[in-house]
Amino acid sequence: MLLTDTYNLDKAIPPLVPKLIKEQQAKLIDKAIDKVFLQIQAEGKRNLLSKKEFVQQVKILYEENQTIKDYIIEKLNSLPMNMVTNLATPKTNQYKHITNHVNSPLQILNPLYENIANKQDIKSNLLANILSEKISQKLFDKGDNRGEDFYMINQMLKPIVSEYSKENPDNINNFLEPKNLEKLASNIASTLNSKSKYTWAGAITGGIYLPKEIFNEQLKDNFKNEFENINKLNVLKEAQSIVSNLNSKINIVGSKTNALSITPISNNKKKEEIHR
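With numbering that gives the first Met the number 0 as the guide, the letters of the sequence shown map in order to residues 0 to 275.
Right, dumping it as structure tokens:
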């Protein structure tokens, strides 16, 4: 085969790549759902949805938000799924390092398992996981020895996000917008940093940790305020958009009215002017 033939063959491959990637991603999701249903069946639990219905719900969730989509694929690809043995939420922290929490398909499998009857709760749990990772990254970078801190942040965020989801499902989409995610993560990380303490290594290494006692109602209220601020900004933007649309309509109607007021002189009027 000539070298030019090889290049022509390579040029024929790229159009197939998106399709192959999509097929691989679909297989990953199917595999994740299989694992969830296997554990549910092994535990003798009854679920409210058939497997087919659940697959449809998860795929709709997967396709409707790019941030969620990217996160699901990243986590399901992080480790072989057979390395995750239990999908239930751990009652206590199980890992020393944050990386053991975040580099795992459990970040996806757990929300699917815990919320099999409610797609919206899956979404809110995924948001809590995404935020926990962003906040922890800002506080601890790679998170060596900070697995307990990540666990406490994650457990506090989950019920807060779920509460906002129940008030209005659109809240989650609003929080998932990249700018809002970044703002939430930065502000919450700043609050936590102000309550942190240095590890025994001290300020030389800059190591900090979060004392367990700070995870109280006051901190919960601080977290809620950050979400509320994002919501208020969104309401303000919507109000401004409505006003802008109304102004546009008024301008259009106004221009049409002006056009109609400039009417040509009637034939009768022309005749009167001629007689004069």
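For every residue, glycine included, the Cβ atom is placed at its ideal position computed from N, Cα and C. The structure displayed is predicted, hence computed values, not measured ones.
Buried or exposed for D148, going by 16 or more other Cβ atoms inside 10 Å?
Taking the first residue of the sequence shown as position 1, residue 148 is located at position 149. Result: buried.
Are the Cβ atoms of A127 and V83 separated by less than 7 Å?
Counting from 1 along the sequence shown, the entry for residue 127 is found at position 128. Counting from 1 along the sequence shown, the entry for residue 83 is found at position 84. Contact: no.
Using only the alpha-carbon positions, how far apart do S185 and I134 sit?
Numbered from 1 along the sequence shown, position 186 holds the residue referred to as residue 185. Numbered from 1 along the sequence shown, position 135 holds the residue referred to as residue 134. One C-alpha to the other measures close to 7 Å.
Determine the contact status of Q106 and K68, defining contact as a CB-CB distance below 7 Å.
Numbered from 1 along the sequence shown, position 107 holds the residue referred to as residue 106. Numbered from 1 along the sequence shown, position 69 holds the residue referred to as residue 68. The answer is no: Cβ separation not under 7 Å.
According to DSSP, K18 sits in a beta bridge with which residue or residues?
Stepping through the sequence shown from its first residue, residue 18 is reached at position 19. Answer by DSSP bridge pairing: none, since K18 is not bridged.
Select from I72, E113, W199 and P158 the residue whose C-alpha is nearest the C-alpha of E216.
Translated into positions along the sequence shown, residue 216 becomes position 217. Nearest of I72, E113, W199 and P158 to E216, Cα basis: P158.
Is it right to say A31 is buried, meaning 16 or more other beta carbons lie within 10 angstroms of its own, or is it exposed?
Here residue 31 is taken as the residue at index 32 of the sequence shown, counted from 1. Result: buried.
The ligand ATP and K236: does any heavy atom of the ligand fall closer than 6 Å to the residue's C-beta?
In the structure shown, the ligand ATP is absent, as is every other ligand, since no ligand is present at all.
With distances taken between CB atoms, is the gap from I72 to K122 smaller than 7 Å?
Here residue 72 refers to the residue found at position 73 of the sequence shown. Here residue 122 refers to the residue found at position 123 of the sequence shown. Taking 7 Å as the Cβ cut-off, I72 and K122 do not qualify as a contacting pair.
According to DSSP, is A202 part of a helix, a strand, or is it coil?
Position 203 of the sequence shown, counting from 1, holds the residue named residue 202. Confidence is the limiting factor: at A202 the pLDDT is only 48, short of 50, which leaves the residue's position unreliable, though a coordinate-based value still follows. Helix, per DSSP.
Taking only three categories from DSSP, how would you classify I28?
In the sequence shown, residue 28 corresponds to position 29, counting from 1. Here I28 sits in helix by DSSP.
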